[in-house]
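The block underneath contains the structure these notes are about, expressed in structure tokens.
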Amino acid sequence: MTPPPSNKMSLETLIVGGGVAGLWVLDRLLENGHQAGLIEANALGQGQSVAAQGILHGGVKYALSGLLAPGVRQVARMPDVWATHLAGEARPDLSGVTVRSKACHLWRTDSMKSILGMTGAKLALKTKPTKLALKDRPAILRHCPGDVALLSERVIETPSLLRALSERNRDHLLQGRIIGGCARGDESTSPWVDVEVRGGEKIMLTCNLIILCAGGGNEALIEMLMPGDDLHRPAMQRRPLHMSMVKGPTEALPELNGHCVDGAATRVTITSSTAADGQRVWQLGGQLSETGCERDPEAQTEAARSCLRAVLPGFDVDTPRLSWSSYRIDRAEHRESHTTGTKRPDDVTVLRTREAIAVWPTKLVLAPRAAAMVSRLVGGGSGPSEPPFRDLPTPPIAEPPWEDAEWN
Ligand SMILES: Cc1cc2nc3c(=O)[nH]c(=O)nc-3n(C[C@H](O)[C@H](O)[C@H](O)COP(=O)(O)OP(=O)(O)OC[C@H]3O[C@@H](n4cnc5c(N)ncnc54)[C@H](O)[C@@H]3O)c2cc1C
Numbered sequence: 000m001t002p003p004p005s006n007k008m009s010l011e012t013l014i015v016g017g018g019v020a021g022l023w024v025l026d027r028l029l030e031n032g033h034q035a036g037l038i039e040a041n042a043l044g045q046g047q048s049v050a051a052q053g054i055l056h057g058g059v060k061y062a063l064s065g066l067l068a069p070g071v072r073q074v075a076r077m078p079d080v081w082a083t084h085l086a087g088e089a090r091p092d093l094s095g096v097t098v099r100s101k102a103c104h105l106w107r108t109d110s111m112k113s114i115l116g117m118t119g120a121k122l123a124l125k126t127k128p129t130k131l132a133l134k135d136r137p138a139i140l141r142h143c144p145g146d147v148a149l150l151s152e153r154v155i156e157t158p159s160l161l162r163a164l165s166e167r168n169r170d171h172l173l174q175g176r177i178i179g180g181c182a183r184g185d186e187s188t189s190p191w192v193d194v195e196v197r198g199g200e201k202i203m204l205t206c207n208l209i210i211l212c213a214g215g216g217n218e219a220l221i222e223m224l225m226p227g228d229d230l231h232r233p234a235m236q237r238r239p240l241h242m243s244m245v246k247g248p249t250e251a252l253p254e255l256n257g258h259c260v261d262g263a264a265t266r267v268t269i270t271s272s273t274a275a276d277g278q279r280v281w282q283l284g285g286q287l288s289e290t291g292c293e294r295d296p297e298a299q300t301e302a303a304r305s306c307l308r309a310v311l312p313g314f315d316v317d318t319p320r321l322s323w324s325s326y327r328i329d330r331a332e333h334r335e336s337h338t339t340g341t342k343r344p345d346d347v348t349v350l351r352t353r354e355a356i357a358v359w360p361t362k363l364v365l366a367p368r369a370a371a372m373v374s375r376l377v378g379g380g381s382g383p384s385e386p387p388f389r390d391l392p393t394p395p396i397a398e399p400p401w402e403d404a405e406w407n
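In this text, residue positions in the sequence shown follow the working numbering: the first is 0, and each later residue adds one.
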């Protein structure tokens, strides 16, 4: 439906932000008969979702530190939930998503403690690590002195997830910039936003409810759409990361997905992808990326090299066939109160205030739980509607961070 000449539109529910959370919420609400649409300012998943390492965690990382918070149990359920979607047995049908690997490796740099003793005993995890015999280890982990285990945590390509989540609802997606509005409604006025779309055209959109799923963008949206009393507005925190990347031909950079753990910490998490030029890319996360916030890019690459030397004995880190890069990114999460520091949430945040709902899934793997919680809060809609944004600009899928990186 092209907007009427007055450029006014109305919807039952407006979602802002098209990362994994917003797209999953949109699909869920459409399934429940909501007249819903989603506005994305940039490209779908730009920010966290497209950069995510794509590991569908089952809770082992939490078990390493011995935590048994409520959120851990939720994460432990997630691999089974995703399995039904990836098999196309539940909506959204994610059978088109590229599953990079059906399992991750888990290994240590020393032989002092066994991985199985460290994790399995602490928590009734559904995805328990299975120790691998030396002959069954991948070549790249053959020289590790400690245990190497296999963990049935899938690794997915996140651009393919964003594609699968968005393609059936394309006409409910609008690329545009919110330039004003108010999430507060009463008997005489509805919540509204002014949206600038490509070419400078402006649309005024009214709705019954606004759901904020804009990741790090939620902070500015809350400021704009919910002005006033700080104490009653959802608060956000950012946890910065400095991610390293390595790129090279597949012979020099084998497929590897997994975590090297030291005590309770994940020293480095390595995931593999394929760049548009056909070369393999490793993303290096975990502690390396957390401590790396203090380092400049050159120092971070040096730290990444020495980390790989230590955790992958025998791997040729110095071959000129590899190139190196890094990028900075923030994890955006709910901050529990306006007075506390940056305590990590362990579960999804779905907060309904008088005016709107704010969503932070905390982890990509928890997106289905976030969508189910939103759906429970808002209930059923008034029935299916014409797609609201047909013939208006549709946001593209964001490019992964390695595509526009500078390589050294
Ligand atoms: C490096 C990294 C690795 C990670 N790895 C994993 C992992 O392996 N497994 C896991 O479970 N989790 C992982 N995570 C966490 C996971 O990526 C996030 O929890 C999840 O992607 C957040 O999704 P989101 O939709 O809330 O936010 P985002 O993905 O950030 O999406 C927000 C969207 O809103 C849009 N937007 C922003 N402002 C506005 C605005 N004003 N108007 C309209 N649109 C707006 C953005 O362009 C973006 O498309 C990782 C995170 C990072 C940073």
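Every residue gets a Cβ at the ideal spot worked out from N, C-alpha and C, and that includes glycine.
Whole-angstrom C-beta distance between residue j and residue i, which should lie under 8 Å
| i | j | result |
| --- | --- | --- |
| Val-196 | Gln-174 | 7 Å |
| Leu-283 | Ala-303 | 6 Å |
| Leu-172 | Val-358 | Not confirmed; about 17 Å, so no contact. |
| Ser-381 | Gln-34 | 7 Å |
| Leu-93 | Leu-160 | 7 Å |
| Leu-29 | Asn-168 | 6 Å |
| Gly-36 | Phe-388 | 6 Å |
| Arg-445 | Met-242 | Examination of residue 445 is not possible in this model, given that the chain is present from 0 through 407 alone. |
Residue i and residue j closer than 8 Å at C-beta
| i | j | result |
| --- | --- | --- |
| Pro-226 | Leu-350 | no |
| Thr-361 | Val-347 | yes |
| Gln-47 | Ala-331 | yes |
| Trp-406 | Lys-246 | yes |
| Leu-252 | Leu-321 | yes |
| Ala-219 | Trp-401 | no |
| Val-194 | Arg-183 | no |
| Ala-148 | Lys-130 | yes |
| Glu-156 | Ser-272 | yes |
| Pro-399 | Pro-137 | no |
| Asp-170 | Pro-386 | yes |
Sequence-distant residues of the same chain with beta carbon closer than 8 Å to residue i, five excluded per side
| i | result |
| --- | --- |
| Glu-152 | Ile-54, Leu-55, His-56, Gly-57, Val-59, Pro-78, Ala-102, Cys-103, Thr-126 |
| Pro-367 | Trp-23, Met-77, Val-80, Trp-81, His-84 |
| Pro-248 | Gln-278, Arg-279, Arg-320 |
| Thr-300 | Ser-243, Trp-323, Ser-324, Ser-325, Asn-407 |
Residue i versus the options, residue with shortest Cα-Cα distance
| i | options | result |
| --- | --- | --- |
| Ile-328 | Ala-51, Ala-75, Asp-345, Asn-41 | Ala-51 |
| Cys-292 | Arg-176, Thr-273, Leu-240, Ala-138 | Leu-240 |
| Arg-353 | Pro-344, Leu-230, Asp-315, Gln-236 | Leu-230 |
| Leu-140 | Thr-97, Gly-247, Gly-313 | Gly-313 |
| Ala-397 | Leu-376, Gly-16, Leu-43 | Leu-43 |
| Leu-105 | Pro-128, Ala-89, Arg-375, Val-96 | Pro-128 |
| Ile-209 | Leu-224, Ser-305, Pro-344 | Leu-224 |
| Met-244 | Ala-213, Ser-325, Pro-344 | Ser-325 |
| Met-203 | Asp-403, Glu-402, Trp-401, Asn-6 | Asn-6 |
Sequence-distant residues of its chain with Cβ nearer than 6 Å to residue i (five each side left out)
| i | result |
| --- | --- |
| Ser-100 | Val-154, Asn-256 |
| Ala-371 | none |
| Val-19 | Ser-48, Leu-363, Ala-366 |
| Gly-379 | Asn-31, Gly-32 |
| Arg-27 | Ala-370, Ser-374 |
| Pro-395 | Ala-42 |
| Val-98 | Arg-153, Ile-155 |
Cβ shell of residue i (< 7 Å), same chain only, five flanking positions each side left out
| i | result |
| --- | --- |
| His-206 | The sequence given here has Cys at residue 206, not His. Excluding residues within five positions, the ones whose Cβ falls inside 7 Å are Ser-9, Leu-10, Glu-11, Thr-12, Leu-13, Ser-189, Pro-190. |
| Val-310 | Thr-108, Cys-259, Arg-266, Val-267 |
| Val-316 | Arg-304, Leu-307, Arg-308 |
| His-142 | Pro-312, Gly-313 |
| Leu-391 | Leu-173, Val-196 |
| Cys-181 | Pro-190, Trp-191, Leu-224 |
| Ala-213 | Val-15, Gly-16, Leu-220 |
Residue i: CB within 7 Å of a non-hydrogen atom of ligand 3
| i | result |
| --- | --- |
| Ile-356 | Annotation note on ligand 3: not contained in the displayed structure, which lists ligand 1 as its ligands. |
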